[in-house]
Amino acid sequence: MRNSTSESIPSQCYAEIKRMPLSDSFFGQKFGITEHDLESYLSDALGAGGDYADLYFEYLATSQLSIDESIVKSAVQGVSLGVGVRVIAGERTGYAYSGDLSPEKIRKAARVAACIANGPSKVDKTGFEEAHRRDLYPVVTAPSDTSLDERVELVKRADRAARAADLRVFQVQASYIDNLRHVLVATSDSVLSTDRQPLTRLGVSVLAREDNGIPQRGYSGGGGRVGLEFFQLENSPEHFALEAVRQAVVQLNAVPAPAGEMTVVLGPGWPGVLLHEAVGHGLEADFNRKKVSAFSDRIGQQVASPLCSVVDDGTIRNRRGSLNVDDEGAATQENVLIEKGILRGYLFDKLSSRLLGSRTTGSGRRESYQHIPMPRMTNTFMLAGDSDPEDIIRSTPRGLYCANFGGGQVDITSGNFVFSASESYLIEDGHITRPVRGAMLTGNGPEALKHVSMVGHDLKLDQGMGICGKEGQSVPVGVGIPTVKIDRMTVGGTAS
Amino acid sequence: MMDPAVASRAVRLALERGATDAECTLAEGNEFSAQVRMRALDTLKDAGSRRAGLRVLLGKRVGSAHTSDLSSAGVQQMVESALAIAAISTDDPYADLPDPSELGSLAADLQLYWEDIQGIDTPARIEAALEAEEAALSWDPRITNSDGATFSAYSGERIFANSRGFLGSYRTSSCSLSASPVARQGDTMERDFWYSSARSHSKLESPAAVGRRAAERTVRRLGARKVPTQKAPVIFDTVTARSLIGNIFEAVEGDAIYRKASFLAGKLGERVASENVTVIDDGGLPGLFGTSPFDDEGVPSRRTVVIDRGVLRSYLLNSYTARKLGMRTTGNAARGVTGNAGVGHGNFFLEKGERSAEEIIRGIPRGLYVTELIGHGVNVVTGDYSRGAAGLWIENGEFAYPVSEITIAANLQQMLMDVEAAGSDLEFRGSVASPTLLIREMTISGK
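Top to bottom, those sequences are chains A and B. Quick note: to get the working numbering, add 2 to the position in the first sequence (first position is 1). Quick note: to get the working numbering, add 43 to the position in the second sequence (first position is 1).
As structure tokens, then:
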């Protein structure tokens, strides 16, 4: 376990970049798109009326490599290109897209999206103001611009290290994926922004077994908005391979998980997925605009113990969930969700901020040009507290220590959530003792964090593997948490 | 409609550039959705897209590429990209295409594409969604809000060509109608949903029926409590039983089998479930969502008995996993448009039993009826099963009160052995289907 290391959140340092004319941007250079074109498409989109329109151009290059049985069996490269056109009229949204950037096809999509509106347009369109740019992921050489051999070597190294680590390992799969996404957002409220978004991830999955016993799986990996240099030093393929092997081997001696209410201690890092499920989704403003969230109309109320402060921050350098601008062209920011137990704010996109009389929090995200943006999380974590992680364990006579999680899910209306522990241990008389097999934890969002009685000083962010799904759209996210003690939570195992 | 010659040309070009074999997929999809919320139109979406994917072999090395650019320049770029990728992969002795004798397509009319959906214009589609939502909102005074109702329509085409002489294509259509009402009691809220989906508009349930069922499912959740931790019989309704059947698929698909990553690996011919369990995969049933004339490697779809009255009879395989296991493909190759094929299912279902769901419930003195499962706590390597659940508590054969914020746990091996009854209510609402299922005992974790 790595619960003794602590990691502070890097400060918001980034390079300021001078305003770049559209003609020098990716879409200007490669597709000859001009400001005049953008204005004319927006004017088509608002041709039947409406309050707002935007265009989202996306070019995505992807490479995927995987090794399996020590053979590089699968490798895929691909490109995807398209533009999405959105028109908002009151509470109504019209959306269309085209995988073809010819002016006729974009105009056709604009006319389809325009069908949502009727009546004169209320938009006075006067040019664009380009957002002041910053670069939270200054990746000089995108992985997609390096040689394939260099990237293949990463999965080969992971495979070799996992196989050499322990004779009980009998299956190893390692996969590597990189994306390079270029986006251009142009809106009828004069925003013009472009971004280049690298995203890289390496994962290792192993199966281990004792003689002919039941196999157990271990999984580890990491990444972010980074170049290949990320995988040098502490984030090496060997590191992730050994971690996957360690998790599988621990499970070989695991006992069945207990069942019933008990004290749960979450380790630092990935267990922050609790926050993502228990509070994050319920604070997305679309659910609150519709008043279908268990957190609707609860701003200012106590929803967690005073030890808990939770933020969603899209500006952390090189993080998987970070963005210079969201998918509506708005700058991301640090958003305080819960401050000392009190609910402070929701996550807004443009539509929900417009309807609720607020400002966007830079939380409008979408999976691709084929999807309508909605409020989403970026990197969601709990701020560090004062407790020593070891004191937290020592203060627990009987309970469950969760070091790693698979994933979770929430019903935002009732607030009930679950998340599954992939590595957890019994706590007996203040000590971490036997590993237990796959435990499921369940609770209710506005209630669960009220039972937090200790928060460690060891805030840690996850390794950069998170994917969040909502209404059929997947986006990369990050989570983080220090060691946290929750006095009462339901654990769903089979042992009595 | 796309031009099948684009796929043939991509295959030919790959061979000209040095590939020893190649396979190309073209896919086109057109989506429409109209969402209403609180009696007003909320969102309209209407668009389409195309993709092409190519997989090439250079001897025993494999490379794949895909593109959204179907112009000849785009296809040429895709061919070069796939070949470059193949050059850096390693020899896989099992890499191949299906044997030509395995290739083919079902000749019967599978009723996958219906023009009638296109005949329903946008105002009528919006009206259907409004009607479904209204039926839910007016069903019970405790339904105070709505997360919306949606009418959606889809049409698509898939073309597949390979260098062993296969060229085939088929079109599909579908439409669906769903409603998601919100009920309130005191300061608690509950949301549930119901839907209907079909390949033909004529087979869609009425908006009133969809809205009413959604409202019933939502209102009955109000006042949910936690039950004490205990062992008790568990009945999965047809919605939650589907996800359990999906777990069985994960345990019988060839990838998990040859890797020994399934609790059912190496158990062909053995008893793995109670006599009440017969599981079938059938990709040839006309008009259903898991139906296709051929799989994603050009092998005809077919019927495979996976579990016959409790005995494991067959795995589900594509050509690769079949070669690995020394068996024959079952026509279950599946992929997007590119890459090595994985294993998918056709219509994968558990055969219905004799008794109705009501009779099964009446026979339970004390137990849980599960209507919702959340979370990802299923491990098909070990069979460990633990998921978040909501549903209704049964006392003396009748629903007593709703329950939520609990988990149910057991091991899949034992759960399969413990299937005491399968209901008579098998219905195909998607490509996985199950009747109501009664499991003798699971651990329910609550307060």
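Beta carbons are placed, not taken as given, at the ideal position from N, Cα and C, and that holds for glycine. This structure is a prediction, so every number in the text was calculated from the model and none was measured.
query, result
"Quick check: S488 (chain B) and T272 (chain B), are their CB atoms within less than 8 angstroms of each other?", "yes"
"What's the gap between the Cα of R242 (chain B) and the Cα of Y156 (chain B)?", "7 angstroms"
"Between B:S362, B:N422, B:T479, which has its C-alpha nearest Y137 (chain B)'s C-alpha?", "B:S362"
"If we call anything under 8 angstroms between Cβ atoms a contact, is M379 (chain A) one with L357 (chain A)?", "no"
"Which residue wins for smallest C-alpha separation from L345 (chain A), given the options A:D56, A:T415, A:V312?", "A:V312"
"Please name the residue or residues paired with G385 (chain B) in a DSSP beta bridge.", "B:A377"
"Helix or strand or just coil, what does DSSP make of D180 (chain A)?", "strand"
"In the DSSP output, which residue or residues are listed as bridge partners for Y139 (chain A)?", "Note: Y139 (chain A) sits in no beta bridge, so no partner."
"Let me know the secondary structure DSSP gives G86 (chain A) once reduced to three states.", "strand"
"Under a three-way DSSP split, which group does I19 (chain A) fall into?", "Any answer about I19 (chain A) is weak, because its pLDDT of 46 lies below 50 and its placement is not dependable; what the coordinates show is given next. The answer is strand: DSSP assigns I19 (chain A) an E or B state."
"Can you list, in chain order, the residues of its chain whose CB lies under 8 angstroms from that of V157 (chain A), leaving out five sequence neighbours each side?", "L67, S68, I69, V74, A176, S177, Y178, L204, P239"
"Going by the CB atoms, is the gap between V342 (chain B) and G96 (chain B) shorter than 8 angstroms?", "no"
"Is the distance from the Cβ of D464 (chain A) to the Cβ of T382 (chain A) below 8 angstroms?", "no"
"Would you say N320 (chain A) and R135 (chain A) are within 8 angstroms of each other, going by their C-beta atoms?", "no"
"Check the DSSP bridge columns for F289 (chain A) and list the partner residues they point to.", "DSSP lists no partner for F289 (chain A)."
"May I have the straight-line CA-CA distance separating G80 (chain A) from V477 (chain A), to the nearest angstrom?", "19 angstroms"
"Which runs of the alpha helix (DSSP H), 4 residues or longer, sit entirely within the region 106-145 of chain B?", "115-131"
"Got a sec? Which residues, its chain only, sit under 7 angstroms from K310 (chain B) by beta carbon, not counting five neighbours each side?", "L355"
"From N181 (chain A) to G224 (chain A), what distance separates their C-alpha atoms?", "14 angstroms"
"Check whether the Cβ atoms of P143 (chain B) and G208 (chain B) lie closer than 8 angstroms to each other.", "yes"
"Quick one: is N446 (chain A) near chain B, going by C-beta distance under 8 angstroms?", "yes"
"Could you tell me which chain B residues have their CB closer than 9 angstroms to the CB of R219 (chain A), listed as they occur along the chain?", "A304, N422, V424, T425"
"Please list the residues of the region 441-466 of chain B that have a C-beta atom closer than 9 angstroms to any C-beta atom in chain A, keeping them in chain order.", "S447, E448, I449, T450, I451, A452, A453, N454"
"In or out: F442 (chain B) buried (at least 16 other Cβ within 10 Å) or exposed?", "exposed"
"Measure from the C-beta of A108 (chain B) to each C-beta in chain A and report whether the shortest distance is under 8 angstroms.", "yes"
"In terms of alpha-carbon separation, which member of A:A77, A:F289, A:L254, A:N406 lies closest to G269 (chain A)?", "A:N406"
"Is the region 364-380 of chain A close to the region 45-65 of chain A, with three or more CB pairs under 8 angstroms?", "yes"
"Report yes or no: do three or more beta-carbon pairs, one from the region 461-480 of chain B and one from the region 389-404 of chain B, lie closer than 8 angstroms?", "yes"
"Figure out for me which residue from B:G374, B:L480, B:A57, B:A70 has the closest Cα to the Cα of P276 (chain B).", "B:L480"
"Using only the alpha-carbon positions, how far apart do F130 (chain A) and E37 (chain A) sit?", "8 angstroms"
"When you check each C-beta in the region 219-248 of chain B against every C-beta of chain A, which residues fall closer than 8 angstroms?", "V225, T231, M232, E233, R234"
"Using a Cβ cut-off of 7 angstroms, which residues of the region 164-191 of chain B contact any Cβ in chain A, in chain order?", "N188, D190"
"Should G302 (chain A) go down as buried or exposed, given a rule of 16 or more other Cβ atoms within 10 Å for buried?", "exposed"
"So which residues of chain B does Y58 (chain A) contact, with C-beta pairs closer than 9 angstroms?", "Within 9 angstroms Cβ-Cβ: nothing; Y58 (chain A) doesn't reach chain B, min ~13 angstroms."
"Could you work out which residue in A:A386, A:D329, A:G474, A:V420 is closest to A450 (chain A) when comparing CA atoms only?", "A:V420"
"Please report how far the alpha carbon of R153 (chain A) lies from the alpha carbon of P145 (chain A), in whole angstroms.", "8 angstroms"
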